[in-house]
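Enquirer: There's a structure below that I have some questions on.
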Amino acid sequence: MNSKENSAPFPGLIAHHSGSCPATGHAEAFHHATVCQGLDASTYFARSGIAELAENNEGLCTFWLGDDLALYQTTNAPLVDDEDLAPSINANAELFGSFLGSLPAQDERRKAKRAVVERVLGSNRFVTSLDPHVREMAQHYLREVAGRSLPLQDFCLHMVARIDSGLPGVLDFHQKPLTHYLQSTEYGVIARDFFEIASEVISKMNPESIENADMIVEMTRDMLDSNYESIVRAPPTNMILAQFDCFSRPFTRETIRTLDAASLKELGTIIVATYDTTALSLLWTLTYLEDNPAEKERLLGVVDNPEQALDEAYLLVLEAIRLGGSNPTALWRRTNRPIRIRHRGTEVTIPANTMLWLDRRRANRDASLFPHAERFDTDNIRQLIRNQTSHGQAVSLLARNRYEINSFNMVNTHRSPRKCPGRLFSVREQALILTELYRLYKVCVTEADSTLAPHSSMPRPRRSGNIILTARAAAL
Numbered sequence: 001m002n003s004k005e006n007s008a009p010f011p012g013l014i015a016h017h018s019g020s021c022p023a024t025g026h027a028e029a030f031h032h033a034t035v036c037q038g039l040d041a042s043t044y045f046a047r048s049g050i051a052e053l054a055e056n057n058e059g060l061c062t063f064w065l066g067d068d069l070a071l072y073q074t075t076n077a078p079l080v081d082d083e084d085l086a087p088s089i090n091a092n093a094e095l096f097g098s099f100l101g102s103l104p105a106q107d108e109r110r111k112a113k114r115a116v117v118e119r120v121l122g123s124n125r126f127v128t129s130l131d132p133h134v135r136e137m138a139q140h141y142l143r144e145v146a147g148r149s150l151p152l153q154d155f156c157l158h159m160v161a162r163i164d165s166g167l168p169g170v171l172d173f174h175q176k177p178l179t180h181y182l183q184s185t186e187y188g189v190i191a192r193d194f195f196e197i198a199s200e201v202i203s204k205m206n207p208e209s210i211e212n213a214d215m216i217v218e219m220t221r222d223m224l225d226s227n228y229e230s231i232v233r234a235p236p237t238n239m240i241l242a243q244f245d246c247f248s249r250p251f252t253r254e255t256i257r258t259l260d261a262a263s264l265k266e267l268g269t270i271i272v273a274t275y276d277t278t279a280l281s282l283l284w285t286l287t288y289l290e291d292n293p294a295e296k297e298r299l300l301g302v303v304d305n306p307e308q309a310l311d312e313a314y315l316l317v318l319e320a321i322r323l324g325g326s327n328p329t330a331l332w333r334r335t336n337r338p339i340r341i342r343h344r345g346t347e348v349t350i351p352a353n354t355m356l357w358l359d360r361r362r363a364n365r366d367a368s369l370f371p372h373a374e375r376f377d378t379d380n381i382r383q384l385i386r387n388q389t390s391h392g393q394a395v396s397l398l399a400r401n402r403y404e405i406n407s408f409n410m411v412n413t414h415r416s417p418r419k420c421p422g423r424l425f426s427v428r429e430q431a432l433i434l435t436e437l438y439r440l441y442k443v444c445v446t447e448a449d450s451t452l453a454p455h456s457s458m459p460r461p462r463r464s465g466n467i468i469l470t471a472r473a474a475a476l
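full-length UniProt numbering puts the first residue of the sequence shown at 1, with every later residue one more than the last.
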């Protein structure tokens, strides 16, 4: 196959979109649209005609990005095993150091690193044990900001960061919480935008955006040193202590001072991931909810019943993840060997080094799965639950073998061994925040716009607007 001729690699088997340039296919147009014009990748695929071609051909088509063959997908059904693909952060590995996403799925080191997070944030027993702490810290933050008009984005980010700093056995940043770094003139950019930088590299294929990303090394070192006393006194589940055990290094000030950059990047990635994507997801939930009176009234109708309110809040969070998300709108991984996929009843061999693109924003709007695919409606989640043969609860949609909603994987693969290990914690934390927020306060969000913001690799509302809280009787 020769990209210079922009030929269809699988004529008669998989549809092919040639693009505007005979020599490079979509390479120049994609770069101009995403990097220069600020479009997200999913919007480019829609405007270029790639998405329509795939949807007219059972969710798949191919195109060329310069010398790279790309297989593009608009459904969340897994096509391959994880072992068929290069590690999930292969394209931006230098940002994350020795983070688990840089290792093959079967690597024993990756399994040990994943366990550091999964045994805490992926344990339903541990996560639910945090409920009273999440509620208490949410209440404390809400009392502080009630009556003030705040940017909704800052409200979500600072509340989640405050809570995550103080939860016992998670980070235990009691001396200098994460909110300090969000406000820091020295580290604020990296504390707020680390995943924006990483997403720009992979979703828009723009390696130049890595500039200044190495600040995470010194920020992480400062976090560990400044919170040393509270970490050494932390419960045994503490993820920082567990990570040092993985490094086979004692948690001492001397070790912190001499820890290598790759290890600090790994730790920094785990720390930022704890709050950043959760806050973005909460931002989408509140933006959609405050623009949807029917859904808001449904929550308010049960908000004084803790169990019913939490069930309803789960539906709202999952629906916001589906429609808005907290990962770039389209992501890719590269095949590391020839793989066979089945398409339209025929087996097709996809060569090694092919880019496998998942347009997750479009896949999460699959009309065959979601009755109201283009709008915020918790009936979309209820429909998935009704379709289940067992475990008829919203939380079961987060299982590794559930693929209908993609916001916890870069690309769906069979059995999803890389599905975000903190997803149970993230969704429950957001649901608890919602129940406390609407139980205790009247919420007013103004000037929000839920269309996608340009020049943002992470999916954000064009305008997050402002929020102001007025205490109900229960909060006084």
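All C-beta atoms in this analysis are idealised placements derived from N, C-alpha and C, irrespective of residue type, glycine included.
What residue does the alpha helix (DSSP H) around K111 start on, and which one ends it?
Expert: Counting from one through the sequence shown, the residue named residue 111 turns up at place 111. 108-121 is the span of the alpha helix (DSSP H), which, as asked, contains K111.
Enquirer: Quick one, which of R428, T470, W332 has its alpha-carbon nearest Y441's?
Expert: If you number the sequence shown from 1, residue 441 lands on position 441. Ranking the options by Cα distance to Y441, first place goes to T470.
Enquirer: Where do the N-terminal and C-terminal ends of the beta strand (DSSP E) with Q73 fall, by residue?
Expert: Counting from one through the sequence shown, the residue named residue 73 turns up at place 73. Where Q73 is concerned, the enclosing beta strand (DSSP E) stretches over 68-73.
Enquirer: Below 8 Å, can you find three or more Cβ-Cβ pairs linking the stretch 229-238 to the stretch 349-368?
Expert: Because the criterion of three Cβ pairs below 8 Å is not met, the stretch 229-238 and the stretch 349-368 do not touch.
Enquirer: Quick one: is H26 buried, meaning 16 or more other Cβ sit within 10 Å of its Cβ, or exposed?
Expert: Mapped onto the sequence shown, residue 26 falls at position 26. Burial call: buried.
Enquirer: Roughly how many angstroms lie between the CA atoms of M1 and G66, to the nearest whole one?
Expert: For the purposes of this step, residue 1 is identified with residue 1 of the sequence shown, where counting begins at 1. For the purposes of this step, residue 66 is identified with residue 66 of the sequence shown, where counting begins at 1. Here M1 scores only 42 on pLDDT, less than 50, and its place in the model should not be relied on; the value that follows carries that caveat. Looking at the two C-alpha atoms, the distance is approximately 12 Å.
Enquirer: What's the gap between the Cα of A261 and the Cα of R192?
Expert: Taking the first residue of the sequence shown as 1, we reach residue 261 at position 261. Taking the first residue of the sequence shown as 1, we reach residue 192 at position 192. If I take the Cα positions, the gap works out to 20 Å.
Enquirer: For F247 and H158, I'd like the C-alpha separation in whole angstroms.
Expert: As a working note, residue 247 is residue 247 in the sequence shown. As a working note, residue 158 is residue 158 in the sequence shown. Straight-line Cα distance between these residues: approximately 30 Å.
Enquirer: Buried or exposed: where does P104 fall if 16 or more other Cβ atoms within 10 Å of its Cβ makes it buried?
Expert: Taking the first residue of the sequence shown as position 1, residue 104 is located at position 104. With fewer than 16 Cβ atoms within 10 Å of its Cβ, P104 is classed as exposed.
Enquirer: Pick from R298, R257, L397: whose alpha carbon is nearest that of I321?
Expert: Here the question's residue 321 lines up with position 321 in the sequence shown. Measuring from the Cα of I321, the nearest candidate turns out to be L397.
Enquirer: If you draw a straight line from the C-alpha of S203 to the C-alpha of M458, how long is it?
Expert: Along the sequence shown, read from residue 1 onward, the residue named residue 203 stands at position 203. Along the sequence shown, read from residue 1 onward, the residue named residue 458 stands at position 458. C-alpha separation (whole angstroms): 9 Å.
Enquirer: Nearest by alpha-carbon distance to L316: which of R333, Y288, A242 is it?
Expert: Counted from its first residue, the sequence shown places residue 316 at position 316. Among R333, Y288, A242, the Cα nearest to that of L316 is on Y288.
Enquirer: Since R428 and D449 are thought to touch, with beta carbons under 8 Å apart, how far apart are those beta carbons, to the nearest angstrom?
Expert: As a first step, residue 428 must be located in the sequence shown, where it is residue number 428. As a first step, residue 449 must be located in the sequence shown, where it is residue number 449. Wrong, their Cβ atoms sit about 28 Å apart, outside the cutoff.
Enquirer: Helix or strand or just coil, what does DSSP make of L167?
Expert: One-based indexing of the sequence shown puts residue 167 at position 167. Looking at L167 - three-state DSSP - the assignment turns out to be coil, as it is neither helix nor strand.
Enquirer: Note down the Cα distance separating I381 from A373, rounded to an integer number of angstroms.
Expert: Within the sequence shown, residue 381 is the residue found at index 381, counting from 1. Within the sequence shown, residue 373 is the residue found at index 373, counting from 1. Their backbone Cα atoms lie some 10 Å apart in a straight line.
Enquirer: Just mark D377 as buried or exposed, buried being the case when its beta carbon has 16 or more other beta carbons within 10 Å.
Expert: Position 377 of the sequence shown, counted from the start, is the residue given in the question as residue 377. It is buried - the Cβ of D377 has at least 16 other Cβ atoms within 10 Å.
Enquirer: Using a threshold of 8 Å, state whether the C-beta atoms of E347 and N76 are closer than that.
Expert: Position 347 of the sequence shown holds residue 347. Position 76 of the sequence shown holds residue 76. Result no, Cβ atoms of E347 and N76 do not sit closer than 8 Å.
Enquirer: Would you kindly check if the distance between the Cβ of L434 and the Cβ of N124 is under 8 Å?
Expert: Locating residue 124 in the sequence shown gives position 124, counting from the first residue. Locating residue 434 in the sequence shown gives position 434, counting from the first residue. Not a contact, by the Cβ cut-off of 8 Å.
Enquirer: What is the rounded straight-line gap between the Cα of S368 and the Cα of L299?
Expert: Counting from one through the sequence shown, the residue named residue 368 turns up at place 368. Counting from one through the sequence shown, the residue named residue 299 turns up at place 299. Going from the Cα of S368 to the Cα of L299 covers about 27 Å.
Enquirer: Taking three-plus beta-carbon pairs below 8 Å as touching, is the stretch 214-230 in contact with the stretch 182-189?
Expert: In short, these stretches touch, since the Cβ pair count reaches three.
Enquirer: From the DSSP secondary-structure annotation, give me the bridge partner or partners of F10.
Expert: The count along the sequence shown starts at 1 and reaches residue 10 at position 10. BP columns for F10 are empty, so no partner.
Enquirer: Let me confirm a value: K4 is counted as buried when at least 16 other C-beta atoms fall within 10 Å, else exposed. Which label applies?
Expert: As a working mapping, residue 4 is identified with position 4 in the sequence shown. Because the pLDDT at K4 is just 45, under 50, the model does not fix this residue reliably, and the point stays unresolved.
Enquirer: Report buried or exposed for P351, applying the criterion of at least 16 other Cβ atoms within 10 angstroms of its Cβ.
Expert: Taking the sequence shown and counting its residues from 1, the one referred to as residue 351 is at position 351. The residue in question, P351, is exposed, as its Cβ has fewer than 16 Cβ neighbours within 10 Å.
Enquirer: Does the distance from the C-beta atom of R334 to that of L121 stay below 8 Å?
Expert: On the sequence shown, position 334 is the one that residue 334 refers to. On the sequence shown, position 121 is the one that residue 121 refers to. Not closer than 8 Å, so no.
Enquirer: Below 8 Å, can you find three or more Cβ-Cβ pairs linking the stretch 249-260 to the stretch 130-137?
Expert: These segments do not touch.
Enquirer: Whole alpha helix (DSSP H) runs in the stretch 363-427 with 4 or more residues, listed along the chain?
Expert: Taking only runs of at least 4 residues, the alpha helix (DSSP H) segments lying wholly in the stretch 363-427 are 379-386.
Enquirer: Relative to the C-alpha of H174, which candidate in P421, H180, S165, A394 has its C-alpha closest?
Expert: The sequence position of residue 174 within the sequence shown is 174, counting from 1. Ranking P421, H180, S165, A394 by Cα distance to H174 puts S165 first.
Enquirer: Name the two residues that bound the continuous alpha helix (DSSP H) containing H31.
Expert: Your numbering for residue 31 matches position 31 in the sequence shown. It spans 27-31 - the alpha helix (DSSP H) in which H31 sits, taken as one unbroken run.
Enquirer: With DSSP run on the structure shown, which of helix, strand or coil describes A41?
Expert: Position 41 of the sequence shown holds residue 41. In the structure shown, A41 sits in a helix (DSSP, three-state: H, G or I).
Enquirer: Distance check for E447 and F370, CA to CA, integer angstroms please.
Expert: Position 370 of the sequence shown, counted from the start, is the residue given in the question as residue 370. Position 447 of the sequence shown, counted from the start, is the residue given in the question as residue 447. Rounded to the nearest angstrom, the two C-alpha atoms are 28 Å apart.
Enquirer: Please list the terminal residues of the continuous alpha helix (DSSP H) segment that includes H343.
Expert: Here residue 343 is taken as the residue at index 343 of the sequence shown, counted from 1. Premise fails: H343 lies in the beta strand (DSSP E), 339-343, not in any alpha helix (DSSP H).
Enquirer: What does the Cβ neighbour count give for H32, buried or exposed, with the cut at 16 atoms within 10 Å?
Expert: Position 32 of the sequence shown holds residue 32. It counts as exposed.
Enquirer: In this structure, how does DSSP classify V445 when only helix, strand and coil are distinguished?
Expert: Here residue 445 refers to the residue found at position 445 when the sequence shown is read from its first residue. Here V445 sits in strand by DSSP.
Enquirer: Can you tell me whether R365 sits near the ligand GDP, meaning its C-beta is under 7 Å from at least one heavy atom of the ligand?
Expert: With respect to the ligand GDP, the structure offers nothing, as it holds no ligand at all.
Enquirer: Please state whether the Cβ-Cβ distance between L318 and C156 is less than 8 Å.
Expert: Mapped onto the sequence shown, residue 318 falls at position 318. Mapped onto the sequence shown, residue 156 falls at position 156. For L318 and C156, no; Cβs fall outside 8 Å.
Enquirer: Per DSSP, which residues does W357 bridge with? Please list them.
Expert: Counting from 1 along the sequence shown, the entry for residue 357 is found at position 357. W357 pairs with Y72, W332.
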